[in-house]
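The sequence shown lines up with residues 4 to 178 when you count with the working numbering.
The beta-carbon is built from N, C-alpha and C at its ideal position, and this holds for glycine as well.
Below you'll find the structure, written out as structure tokens, and then a few comments.
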Amino acid sequence: MPNVLEPPRAAPTAVASHAGADVRPPRAKRAAAPAAASWTWWPVRDQLPIAVLAVVSVLASAFATALRLGSPTLGVVAAAALAVAFARVWLPVTYRVDRKGLRLSRLGRTRAVAWSRVSGYHVGAGSVTLYVSVGRFARSGRRAATALRVPLPEGDGVAAAVLAERLAALRETRG
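Have a look at this one:
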């Protein structure tokens with residue numbers, strides 16, 4: 004899969020004409036990325052093998068619990084507890100990228116991450132990992148950060164363009 008977040012290669016700046024004067028080629032007109040983009044990622048739909056593995060794991064663990072403890076009721080309780088623990092696999096997440104930052108919405112709850120809190124990022128295959136500063140440790144005073152994986156929508160060039168623009172601006176401000 005081509006990396007959609009790589010900046011385009013620069014065009015030549017000058018071309019010598021027959022008369023010896025520099026003639027600048029016309030700039031390629033690129034459509035500016037829109038100010039914001041949003042997409043929904045649902046692992047059950049977008050990554051079916053992982054969802055099937057989660058279902059099989061929950062059912063196998065519940066069956067093993069019921070068999071080992073000799074109580075089908077405890078097997079059902081174990082299945083319910085594991086189903087809640089695997090909530091990130093079952094529930095869709097809506098991502099919104101704009102000039103202010105990134106918003107993740109799941110079950111009506113929204114988590115906002117401002118670009119000023121992003122201390123770094125890594126572009127991987129099909130996703131971007133953002134390193135988000137969450138404060139400082141009390142004893143050592145070192146900065147604490149957490150990693151936030153943002154899956155990229157396949158075939159959605161608008162979302163990738165907005166995210167690429169925001170990451171380029173982040174790279175310019177960080178040096």
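Quick one: what does DSSP say residue i is sitting in, helix, strand or coil?
{"i": "Ala-167", "result": "helix"}
{"i": "Ser-143", "result": "coil"}
{"i": "Arg-99", "result": "strand"}
{"i": "Leu-3", "result": "For residue 3 there is no data in the structure shown, the boundaries of the chain being 4 and 178."}
{"i": "Trp-42", "result": "strand"}
{"i": "Arg-174", "result": "helix"}
{"i": "Ser-74", "result": "coil"}
{"i": "Leu-155", "result": "coil"}
{"i": "Leu-94", "result": "coil"}
{"i": "Ala-228", "result": "For residue 228 there is no data in the structure shown, the boundaries of the chain being 4 and 178."}
{"i": "Ala-81", "result": "helix"}
Taking its Cβ as the centre, do 16 or more other Cβ atoms sit within 10 Å of residue i, making it buried, or is it exposed?
{"i": "Thr-76", "result": "exposed"}
{"i": "Gly-78", "result": "buried"}
{"i": "Leu-166", "result": "buried"}
{"i": "Arg-169", "result": "buried"}
{"i": "Ala-141", "result": "exposed"}
{"i": "Thr-113", "result": "exposed"}
{"i": "Ala-83", "result": "exposed"}
{"i": "Ala-171", "result": "exposed"}
{"i": "Val-100", "result": "buried"}
{"i": "Val-26", "result": "Because Val-26 sits at a pLDDT of 44, beneath the cut-off of 50, its placement in the model cannot be relied upon, and the point is left open."}
Starting from the C-beta of residue i, find all residues in its chain whose C-beta is less than 6 Å away, skip the five residues before and the five after it, and write them out in chain order.
{"i": "Val-116", "result": "Gly-104, Leu-105, Val-135"}
{"i": "Gly-138", "result": "Ala-147"}
{"i": "Trp-44", "result": "Val-96, Pro-154"}
{"i": "Gly-129", "result": "Leu-155"}
Quick one: what's got a C-beta closer than 8 Å to residue i's C-beta in the same chain, skipping five residues either side?
{"i": "Leu-173", "result": "Trp-118, Val-121, Tyr-124"}
{"i": "Val-61", "result": "Ala-82, Leu-85, Ala-86, Phe-89"}
{"i": "Ala-65", "result": "Gly-78, Val-79, Ala-81, Ala-82, Leu-85"}
Out of the options, point me to the one whose CA is closest to residue i's CA.
{"i": "Thr-97", "options": "Arg-142, Leu-72, Leu-155, Ala-171", "result": "Leu-155"}
{"i": "Leu-56", "options": "Ala-86, Gly-73, Trp-42", "result": "Ala-86"}
{"i": "Gly-127", "options": "Ala-163, Val-58, Ala-84, Gly-144", "result": "Ala-163"}
{"i": "Pro-52", "options": "Leu-72, Val-92, Thr-43", "result": "Val-92"}
{"i": "Ala-54", "options": "Val-100, Gly-73, Leu-94", "result": "Leu-94"}
Within its chain, find whatever has a CB closer than 7 Å to the CB of residue i; leave out the 5 residues flanking it on each side and keep chain order.
{"i": "Thr-68", "result": "Leu-77, Gly-78, Ala-81"}
{"i": "Leu-110", "result": "Leu-94"}
Would you check if there are 3 or more beta carbon pairs closer than 8 Å linking the segment 126-134 to the segment 149-159?
yes
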